[in-house]
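Participant: To start, I am sharing the structure in question, which I have written as structure tokens.
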Amino acid sequence: MVGRRGLLKFVAGPPFLVLAAFLLVPLVLIAAFSFRAGSGALGPTDPWVPTVEQYAEALGTPAFMRRLGLSIVTAALVAGLATVLAYPVAYFLTFRAGSRAPLYLTLLLIPFAVSYLLRVMAWKVMLGPEGGINSLLSAVGLTEEPLQLLLYSRPAVIITLVYIWIPFAALPIYAAMQRIERHQLEAAADLGAGPWARFWRVTVPLSLPGTLVTFFMVFIPTIGEYVTPDLVGGTDGSMYGNIIQGFFTRSANWPMGAAMAMIMLVLTLVVVVVALRIIDLRRVTA
Amino acid sequence: MRARSGSRRVALVLVTISTLVLAACGSDQPGGASGAATPSTTDQAAEEPNELLVLEWSGYEAEDFWADFAIERPETEVTFEFGDTDANILAQMQGGSQADIFHFYTGWQQFYVDQGLVREIDTSRLGYWDMVPDDMKALGQIDGKQYFVPWDWGFTSILYNTEQVPEVTSWDVLFDEQYAGHISMWNDGPAAVTVSSYVHGYDETAITDEQLAAIEEEWIAQKPLNVFYWSSEYEDLCPAVQDGTVWIAYAWQGCYATALAAGDPVAYATPEEGRNSWVGLYGISADTDSYELALEFVDLKLAELACGNAVTLFYYGCANEEIMAGIDDPILVEAFGLDDPSILESTNFTPLVTEEQREAWTAMWERVQAE
Chain A
13 MVGRRGLLKF
23 VAGPPFLVLA
33 AFLLVPLVLI
43 AAFSFRAGSG
53 ALGPTDPWVP
63 TVEQYAEALG
73 TPAFMRRLGL
83 SIVTAALVAG
93 LATVLAYPVA
103 YFLTFRAGSR
113 APLYLTLLLI
123 PFAVSYLLRV
133 MAWKVMLGPE
143 GGINSLLSAV
153 GLTEEPLQLL
163 LYSRPAVIIT
173 LVYIWIPFAA
183 LPIYAAMQRI
193 ERHQLEAAAD
203 LGAGPWARFW
213 RVTVPLSLPG
223 TLVTFFMVFI
233 PTIGEYVTPD
243 LVGGTDGSMY
253 GNIIQGFFTR
263 SANWPMGAAM
273 AMIMLVLTLV
283 VVVVALRIID
293 LRRVTA
Chain B
4 MRARSGSRRV
14 ALVLVTISTL
24 VLAACGSDQP
34 GGASGAATPS
44 TTDQAAEEPN
54 ELLVLEWSGY
64 EAEDFWADFA
74 IERPETEVTF
84 EFGDTDANIL
94 AQMQGGSQAD
104 IFHFYTGWQQ
114 FYVDQGLVRE
124 IDTSRLGYWD
134 MVPDDMKALG
144 QIDGKQYFVP
154 WDWGFTSILY
164 NTEQVPEVTS
174 WDVLFDEQYA
184 GHISMWNDGP
194 AAVTVSSYVH
204 GYDETAITDE
214 QLAAIEEEWI
224 AQKPLNVFYW
234 SSEYEDLCPA
244 VQDGTVWIAY
254 AWQGCYATAL
264 AAGDPVAYAT
274 PEEGRNSWVG
284 LYGISADTDS
294 YELALEFVDL
304 KLAELACGNA
314 VTLFYYGCAN
324 EEIMAGIDDP
334 ILVEAFGLDD
344 PSILESTNFT
354 PLVTEEQREA
364 WTAMWERVQA
374 E
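Sequence lines, in order, name chains A and B.
Note that the numbering used here has the first sequence beginning at 13, numbered continuously upward.
Note that the numbering used here has the second sequence beginning at 4, numbered continuously upward.
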């Protein structure tokens, strides 16, 4: 007879092993590469000589650090916009959609059925010189020539990433709003709070944990983005992830790429921890 | 107590994983060091797996590029994995790629031989070898041994829109500010060094630290002029040239021929500093279990269909000189410069680079990217 602890091990064991094999081991491998002397791609059987040379070079190159800073700002902007735009979607699903909520939720998730690359490429077409946005601007007489800055620019990266993230970002906020007890809103109404007061003083604080989860859920992976900037960013819109990718591919310098990836990982964790300490969730939701 | 025990177990798992990783990294046996091993016998061929893995550039997996082998060996499973730069191809081979055959371009031959990644080619077993010009054969030789089979070749020069740009006579048009926002450079450090060397008359094989610093500054200043750096000739560059987004580009002649065939207003410059020329080479991995099959594959790449398709469908030159001698399509004649007897005299062939140069040039380019 399997006891409760045995059952827990049985259930938790496989996910733990998968995480160890596909998250922890690659992470340790990247960390090991980042401290390995020499450049070029290194085979798993090549000699391993430890060094911090790559870290010194990465941290000592202002252009790399500027690009990292720019990527953090871009990621914060994308996360902020995606969260703000996803919030009304989640609100509508929770409080206004009624019995049709499952249908709208399904519609919201439809973009996930389309490949990420296709969604980005769709925006490449939309933002192009003969794309939908330029055609619309021209048709209403706002522009005579197609706006070049729409595609191959940082705004193009931000617009595309925000679009990509919105459906995903709405889900944690929706889950948080689902947990809001309706009688709390009714009590606020009984005490004389109008719709706006109920929204600001009840709904927003109680949905804040989900909102913050959404922000960081978008922020963290966006810092390391490289596919979208590569496709729509041009020379101006590239991000720190593109430099890491460049070291692993164009330059075949795996130790340098690994060191830069580790720097990003550590910095991202620091930013998240500091932000969460500043915000202090317990005080906000009290 | 239980918590401490749990922590110990977690620590044990971490230590075990770390030990395994470090142990995997720590062996000092050189990878794939069989170097110039002698070819397999026919008996060995019978024991080989009937499948091939080819490390290729995206687009080259099209069966048109290996049509003769597909006809001769329909039962053989040919699969492909991809790289998008020479550095990336080398990185994958160094990193333990299982590819039996790999495809790269001139300038990188020495690395594969020095690192024991490639097996010597037994040219006596190549049926189409006599159709390869001697100077191309020489490109695949290191220390007198034939390690590589030349296959595709072409030019690099400036592709430009004739409706927007007057005749281009120099590589320095890539730095011309009046075309800001309509220029596209290939996303590659060594290519950037090559262009600067042509423009300033540097010896490409002996770039000094000062020259490299000047080159870096030059490309940082040039960066805002680009609409984007292109990575794929047919996916990035050609569509942008054809829709008028890009007016001036560092380009191979395949894109030029494509745009020309589509009736677009384009020209391919013969700069006063000379065009660049490159040759693609196939090598057989030192670790392959399918040497005989790989040999047959690279041999049949030189056959009529595969070579002919490379020329007529994809506008690349091919190392089979009989195929090249048969070209009469005016677009191809123009693209390959076959109507200009002096074209090769003013062409710069890609030289071999050292590992130190490669590292310095690629690192320089990453800094340019980050600016």
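All C-beta atoms, glycine included, are put in the ideal place defined by N, C-alpha and C.
Does the CB of A/Ala75 have a neighbour CB from chain B at under 8 angstroms?
Facilitator: yes
Participant: Name the chain B residues whose beta carbon is nearer than 9 angstroms to that of A/Pro141?
Facilitator: Asp246, Gly247 and Thr248
Participant: Could you spell out the range, first to last residue, of the alpha helix (DSSP H) harbouring A/Val285?
Facilitator: Trp266 to Ile291
Participant: Do you know offhand how far B/Met96's Cα is from B/Ala102's?
Facilitator: CA-CA distance, B/Met96 to B/Ala102, rounds to 8 angstroms.
Participant: Measuring CA to CA, which of B/Glu276, B/Trp250 and B/Phe107 is closest to B/Val269?
Facilitator: B/Trp250
Participant: Give the residues from the segment 223-248 of chain B that approach chain A closer than 8 angstroms (Cβ to any Cβ), ordered along the chain.
Facilitator: Lys226, Pro227, Asn229, Val230, Phe231, Tyr232, Ser234, Asp246, Gly247 and Thr248
Participant: With 16 other CB atoms within 10 Å as the buried threshold, where does B/Val24 fall?
Facilitator: Because B/Val24 sits at a pLDDT of 36, beneath the cut-off of 50, its placement in the model cannot be relied upon, and the point is left open.
Participant: At a CB distance below 8 angstroms, what residues from the segment 175-207 of chain B approach chain A? Give them in sequence order.
Facilitator: Here the close residues are Gly184, Asn190, Asp191 and Gly192.
Participant: How far does the beta strand (DSSP E) with B/Asp155 in it reach, from first residue to last?
Facilitator: Phe151 to Asn164
Participant: Apply the 10 Å Cβ neighbour rule to A/Ser111 and answer buried if 16 or more other Cβ atoms are within range, or exposed otherwise.
Facilitator: exposed
Participant: Helix, strand or coil for B/Trp60, going by three-state DSSP, please let me know.
Facilitator: strand
Participant: For the segment 73-115 of chain A, list the alpha helix (DSSP H) runs that are entirely contained and at least 4 residues long, ordered along the chain.
Facilitator: 74-103
Participant: Short of 9 angstroms Cβ to Cβ, which residues in the segment 250-269 of chain A face chain B?
Facilitator: Ser250, Tyr252, Asn254, Ile255, Gly258, Phe259, Phe260, Thr261, Arg262, Ser263, Ala264, Asn265, Trp266 and Met268
Participant: Is B/Arg278 buried or exposed, if buried means 16 or more other CB atoms sit within 10 Å of its CB?
Facilitator: buried
Participant: Shortest alpha-carbon distance to A/Ile275 belongs to which of A/Gly72, A/Leu19 and A/Val23?
Facilitator: A/Gly72
Participant: For the alpha helix (DSSP H) containing A/Thr240, list its first residue and its last residue.
Facilitator: Unbroken alpha helix (DSSP H) run through A/Thr240: Val239 to Val244.
Participant: Buried or exposed: where does A/Glu237 fall if 16 or more other Cβ atoms within 10 Å of its Cβ makes it buried?
Facilitator: Result: buried.
Participant: Between the alpha carbons of B/Leu263 and B/Ala252, how many angstroms are there, rounded?
Facilitator: Whole-angstrom Cα-Cα distance: 15 angstroms.
Participant: My assumption, with CB atoms under 8 angstroms, is that B/Ile92 sits in contact with B/Leu58. Please give the rounded CB distance.
Facilitator: The pair is a contact, with the Cβ atoms about 6 angstroms apart (cut-off 8 angstroms).
Participant: Name the DSSP bridge partner or partners of B/Ser288?
Facilitator: B/Val121
Participant: Would you mind telling me which residues of chain A sit closer than 7 angstroms to B/Asn91, beta carbon to beta carbon, in chain order?
Facilitator: Residues of chain A passing the Cβ test: Thr261, Arg262 and Ala264.
Participant: Comparing the C-beta of B/Ala366 with each C-beta of chain A, is any distance below 8 angstroms?
Facilitator: yes
Participant: At least one CB of chain B closer than 8 angstroms to the CB of A/Thr247: is that the case?
Facilitator: Interface residue, yes.
Participant: Less than 8 angstroms between CB atoms is the rule here; does A/Arg79 satisfy it with respect to chain B?
Facilitator: Yes, contact with chain B.
Participant: Looking at the structure shown, is B/Glu180 part of a helix, part of a strand, or coil, going by DSSP?
Facilitator: helix
Participant: What did DSSP end up calling B/Ala268 once you bin it into helix, strand or coil?
Facilitator: At residue 268 of chain B the sequence reads Pro, which differs from the Ala that was named. In this structure, B/Pro268 counts as coil in the three-state DSSP scheme.
Participant: By Cβ distance below 8 angstroms, which residues in the same chain neighbour B/Tyr131 in space, the five residues on each side in sequence not counted?
Facilitator: Asp302, Leu303, Leu305, Ala306 and Asn323
Participant: Can you look up B/His203 in the DSSP assignment and give me helix, strand or coil?
Facilitator: helix
Participant: Output yes if chain B places a C-beta closer than 8 angstroms to the C-beta of A/Tyr164; else output no.
Facilitator: Chain B contact via Cβ: present.
Participant: Starting from the Cα of A/Gly92, find the closest Cα among A/Arg17, A/Ile170 and A/Gly153 and give me that residue.
Facilitator: A/Ile170
Participant: Give every residue of the same chain whose Cβ lies closer than 8 angstroms to the Cβ of A/Ser150, excluding the five residues on either side of it in the sequence, and list them in chain order.
Facilitator: Glu156 and Pro158
Participant: Helix, strand or coil for A/Met189 per DSSP?
Facilitator: In this structure, A/Met189 counts as helix in the three-state DSSP scheme.
Participant: For my contact list, B/Arg128 and B/Ala289 are in at a C-beta cut-off of 8 angstroms; report their separation, rounded to the angstrom.
Facilitator: No, B/Arg128 and B/Ala289 are not in contact; Cβ-Cβ is about 18 angstroms, not under 8 angstroms.
Participant: So is B/Ser345 buried or exposed if we call it buried at 16+ other beta carbons inside 10 Å?
Facilitator: exposed
Participant: Using a cut-off of 7 angstroms between C-beta atoms, extract the partners of B/Thr88 located in chain A.
Facilitator: Thr261 and Arg262
Participant: Hey, out of B/Asp67, B/Thr79, B/Trp69 and B/Glu66, whose CA is closest to B/Glu51's CA?
Facilitator: The shortest C-alpha separation from B/Glu51 is found at B/Thr79.
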